[in-house]
Amino acid sequence: FSPDHLRGDEEGRYGTFAKHYLKEDLPVFAICHGPQVLIDTDDLGGRTLTAVLNVRKDLSNAGAKVVDESVVVDRNLVTSRVPDDLDDFNREISKQLNG
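So for the sequence shown, full-length UniProt numbering puts the first residue at 1; every next one is plus one.
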């Protein structure tokens, strides 16, 4: 399923799931279109992240500070733009999971 499809879940399960992880400071990793799911958390205000170009405006409208970097770490949230950034993304995921 695409992140945009997951956001259309009438019961809001995916946004609720992501919101729980963000609030509890559990690790959240999202790349490319993945950060779209975070829009439904209503919890992006003050967060800095990145994503693929065509969803950045939606994330900004949801209150996030969106930057054009290969990987962005904001507390427990690690985001990346595109699969070409996987080396940087995976490095930061490893840091988050291994302390």
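Ideal placement from N, C-alpha and C gives every residue a C-beta, glycine not left out.
Small disclaimer: the values here were computed from a predicted structure and weren't measured.
inquiry  = DSSP three-state label for Val-72, please.
reply    = strand
request  = Just tell me which of Val-67, Leu-59, Leu-26 and Pro-27 has its CA closest to the CA of Pro-35.
outcome  = Leu-59
ask   = Using the rule of at least 16 other Cβ atoms within 10 Å of the residue's Cβ for burial, across every protein chain shown, is Gly-15 buried or exposed?
value = buried
task = Can you grab the Cα-Cα spacing for the pair Ile-39 / Arg-75, in whole Å?
result = 17 Å
query = What is the rounded straight-line gap between the Cα of Ala-62 and the Cα of His-20?
reply = 17 Å
query = Can you tell which of Asn-54, Leu-49 and Ala-64 has the C-alpha that lies nearest to the C-alpha of Ser-80?
reply = Leu-49
key: Nearest residue (CA-CA) to Asp-25, options Ile-31, Cys-32 and Arg-47   = Arg-47
query = Within 10 angstroms of its Cβ, does Leu-22 collect 16 or more other Cβ (buried), or is it exposed?
reply = buried
inquiry  = Can you give me the C-alpha to C-alpha distance between Phe-17 and Pro-27, rounded to a whole angstrom?
reply    = 12 Å
key: Sheet register partners of Leu-53 (DSSP bridge)   = BP columns for Leu-53 are empty, so no partner.
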